[in-house]
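Asks:
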Amino acid sequence: MSTCMEVNNLTKSFHGRTVVNGLSFRVEAGEVFGLLGHNGAGKSTTIDLILGLKKPDRGNASIFGMDARTNRKAVFERVGVQLQSSNYQNNIRVDELFRQMTALYQEPEDYHKLLKFFSLEKLEKVQVNKLSGGEKQRLSVALALINKPEIVFLDELTTGLDTAARREVWNHLKELKNKGTTIFLTTHYMEEAQSLCDRIFLIRDGKKVTCGTVEEVIANSPCENLEDAYLWYMGEEAVK
C-alpha cells in the first residue's frame, strides 16, 4: 500500500482548551481507517484540520502530498466529504441536488449510477426532506462520491440510525472499499469499527491513546472484545 494521507503533530486549541493535541498518523490507500473517541474527543476538528477547513496551531496534514489549505482545488478534486450535519435547501428533490453537485466538477460520476449503487433510484424525484434517516445517510455518501474521489471522509455517518439502517450503510461502504476507495471515518460505535475498519486510532481529549488493527487493539488490552477494550483505554471501566 502507498500512503495517501499523513498527519504530523496536529494541534488545535479554542479559547484556551486544546481540542486536538499532537496527533500523528498515516492512512494507506485502499484501507478503511477509523478515528474513534467519545463526543468532544476532537474527531470532527481533526477532520476539519486535515481538510484545511480550520488552521492548526501546530503541525500539519497532507493528502496526496498536498496541504488542503493551500491546494484546495487540487485536493478536493480527489476527495469526497460527508460531514456530520448536511443542510439542504427547502423542497429540493434528490435529482436536483445531484445536478447541482455535478455542475461543480469537470468529470463527475453519472449520478444515476450512484443512485442505483445506494438503492436510491426510486427516490430520484422525491424531496430530500421526505427521505428516511437511512436514506438521507446513503444520499450523503452518494453525494460525497460525485467527483469520483480516491478518499472519502465520513464523520459519524450512522449516528441516529436504527440497527437495520446502520447495517445497510455498512454493506454499501464495504462495496465501496472493494472498489478501491480509501475511507476515513469517525465513529463511536464499536461494532461499526469492528465491521468496517482495517485500522483504528483511539483518541481521548484530543490525544492519541492507541492505534492498530482491531485485533491488535484488543490484544494490547486485558479485554476480550473491542467494546470492553475501548472502555478500558478510555479509563471508564475496570477489568473484572
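Residues 27 to 266 (the working numbering) make up the sequence shown, in order. Ideal Cβ placement from N, Cα and C applies to all residues, glycine included.
So what does D86 bridge to, in DSSP terms?
Replies: For the record, residue 86 in the displayed sequence is Asn; it is not Asp. According to DSSP, which records beta bridges pairwise, N86 is partnered with N34.
Asks: Let me know the secondary structure DSSP gives G42 once reduced to three states.
Replies: Of the three classes helix, strand and coil, the one that applies to G42 here is coil, per DSSP.
Asks: Check this for me: beta carbons of F59 and D224, under 8 Å apart or not?
Replies: Against a cut-off of 8 Å, the Cβ pair of D224 and F59 comes out as a contact.
Asks: Is the beta carbon of K69 less than 8 Å from the beta carbon of I229?
Replies: Cβ atoms of K69 and I229: closer than 8 Å.
Asks: Residues in its own chain within less than 6 Å of L211 by CB, not counting five upstream and five downstream?
Replies: Counting only Cβ-Cβ distances below 6 Å, and skipping sequence neighbours, we find G60, L180.
Asks: List in chain order: all unbroken alpha helix (DSSP H) runs of 4+ residues lying wholly within the segment 95-158.
Replies: Segments of the alpha helix (DSSP H) lying fully in the segment 95-158: 98-102, 120-128, 137-143.
Asks: Just reading off the beta strand (DSSP E) that T239 is part of, what are its end residues?
Replies: Careful: T239 lies outside any beta strand (DSSP E) and carries neither H nor E.
Asks: Have a look at T208 and G66 and give me their C-alpha separation to the nearest angstrom.
Replies: So the two alpha carbons sit approximately 25 Å from each other.
Asks: Taking 8 Å as the limit between beta carbons, can you name the residues of its chain near S28, skipping five residues before and five after?
Replies: Only E54, A55 meet the Cβ criterion.
Asks: Looking only at its chain, what residues have a beta carbon closer than 8 Å to the beta carbon of R95, apart from the 5 residues adjacent to it on each side?
Replies: Counting only Cβ-Cβ distances below 8 Å, and skipping sequence neighbours, we find G78, K81.
Asks: In the DSSP output, which residue or residues are listed as bridge partners for V178?
Replies: DSSP, once it has assigned bridges, lists G106, I209 as partnering V178.
Asks: Expressed to the nearest angstrom, what Euclidean distance is found between the alpha-carbon atoms of L36 and L199?
Replies: The straight-line gap from Cα to Cα measures roughly 27 Å.
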